[in-house]
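> Quick one: the structure is below, questions incoming.
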Amino acid sequence: MPELPEVETMVRGLRSRVKRKTITNLWTDEKKIIHHPSFNFFKKSLIGQTIVDVERRGKIIVFKFKPKGFLLVHPKMTGHFLALKEKPSSSYLKKKSAHLMLVLSNDLYLVWTDQRKFSRIEYWPDKTISEIPWLKELGAEPLELSFSEFNRLMDNRRTRVKSWLLDQRFIVGVGNIYANEVLWSAKINPEQPVIELSKDQRKKLLIDLKKILKRAIINRGTSVAEYRDISDQEGHYANYLKVYGRPGKPCPRCGREIIRKMTGSRSTYYCPKCQA
DNA sequence: ACAATATCCTGCGAGC
DNA sequence: TGCTCGCAGGATATTG
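Shown next as structure tokens:
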């Protein structure tokens, strides 16, 4: 599941290869992942556009075009780009669950693969970045967040702290892996209501969140399922996971057995002793 | 305001 | 071995 560190890794890989390149052709076999505009208009209007940069907003990859326009790509569970120097065969595309391919002017084939087809792609040719509806819904970037702003976003929230961390309207980029890891690191129970967290707990939560996200970026993300970077390589942060995906194993801090429990439809992993 | 549930889709593991 | 079946999971919509 790509979260902030995985998407950041993808964006950094993409940037140097696609900057100042023009989309010369485009292929898809799955029109439904294109949420805006209609597929015919998407294809017609995107061909000929020149990319000036690639950025990340939360878990969304944002391609910026010259002189205007934005292509947004959200990987959801299993989406990722592969950058290929040669035209891939149709059997390769099928094997990789490719659903979109952008052909660039430097003969780079940018293939979007998505096993589960949950990913979402939008192209906004005329809007400024602040006018794009999807981006307007997003909360703060955790790596650029001050404690006072973080604290303000928690004001009067009665929801469980894990749900709050996952809710992209407050802070962006945190998914199930890093939510579990940061709560373990900060010794906070995932079901504790946000409103009940002390100032010290909140401070530690933000500090540990930044620390873990940065460390994960340095390690090029976590490959627990099928996440790969644009060169099809795994990230290494899975080696550092303390609780995520480790039910029944001892807590690295106190030795108590790690518990797995469902909150909503999501697995929550925590240490019942450290995170009482 | 918050919780729970269905939805999308596919691969995988459990059970037989 | 090989089949069916249930289910995870990010975000969203809907209902409670």
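Read left to right, the first sequence gives residues 4 to 279 (our numbering).
Glycine included, each C-beta is placed from N, C-alpha and C at the ideal position.
Note that the structure is predicted; figures quoted are calculated from it, not measured.
(1) Indicate the three-state DSSP secondary structure (helix, strand or coil) for N28 in the structure shown.
(2) Using only the alpha-carbon positions, how far apart do E144 and F153 sit?
(3) Using three-state DSSP, classify E125 as helix, strand or coil.
(4) Please name the residue in E237, Q278, K46 whose C-alpha comes closest to that of E184.
(5) In the DSSP output, which residue or residues are listed as bridge partners for L186?
(6) Using C-beta distances below 7 angstroms, list every residue in its chain close to R223, excluding the 5 sequence neighbours before and after it, in chain order.
(7) Label G178 either buried or exposed according to how many other C-beta atoms from any shown protein chain fall within 10 Å of its C-beta, with 16 as the threshold for buried.
(8) On the DSSP bridge list, what partners appear for F84?
(9) Output the distance between the C-alpha atoms of R263 and C254, rounded to the nearest integer angstrom.
(10) With 16 other CB atoms within 10 Å as the buried threshold, where does F73 fall?
(11) Under 8 angstroms, do E6 and G267 count as touching if we go by C-beta distance?
(12) For C274, does the count of other Cβ atoms within 10 angstroms reach 16, so buried, or fall short, so exposed?
(13) Rank D203, F150, A182 by C-alpha distance to the C-alpha of E194 and give the top, closest one.
(14) Answer yes or no: do L216 and L146 have a C-beta to C-beta separation smaller than 8 angstroms?
(15) Can you check the stretch 180-262 for any alpha helix (DSSP H) of at least 4 residues that lies completely inside it and give the ranges in chain order?
(16) Taking all protein chains shown into account, do 16 or more other C-beta atoms lie within 10 angstroms of the C-beta of F150, making it buried, or fewer, making it exposed?
(17) Which residues mark the beginning and the end of the beta strand (DSSP E) in which L105 is found?
(18) Tell me which same chain residues have a C-beta within less than 6 angstroms of the C-beta of G16, skipping the five on either side of it?
(19) Relative to the C-alpha of K99, which candidate in I50, D117, Y112, L113 has its C-alpha closest?
(20) E11 lies in the alpha helix (DSSP H); which residues open and close that run?
(21) Which full runs of the beta strand (DSSP E) of 3+ residues lie inside the stretch 41-69, going along the chain?
(22) Check the DSSP bridge columns for T271 and list the partner residues they point to.
(23) Taking the DSSP output, what are the residues bridged to L75?
Well, looking at it:
(1) strand
(2) When rounded, the distance between both Cα atoms is 10 angstroms.
(3) The answer is strand: DSSP assigns E125 an E or B state.
(4) Q278
(5) Looking at the DSSP assignment, L186 forms no beta bridge with any residue, so it has no partner.
(6) Excluding the 5 residues flanking it on each side, R223 has same chain C-beta neighbours closer than 7 angstroms at T12, D232, G238, H239, in chain order.
(7) buried
(8) Per DSSP, W115.
(9) 12 angstroms
(10) buried
(11) no
(12) The residue is buried, with at least 16 neighbouring Cβ atoms inside 10 Å.
(13) A182
(14) yes
(15) 202-221
(16) Answer is exposed; the Cβ neighbour count stays below 16.
(17) 101-107
(18) D232, I233
(19) Considering only alpha carbons, the answer is D117.
(20) Taken as a continuous stretch (DSSP letters only), the alpha helix (DSSP H) holding E11 covers 7-21.
(21) Counting only runs of 3 or more, we get 53-60, 63-69.
(22) K264
(23) Beta-bridge pairing links L75 to V65, E125.
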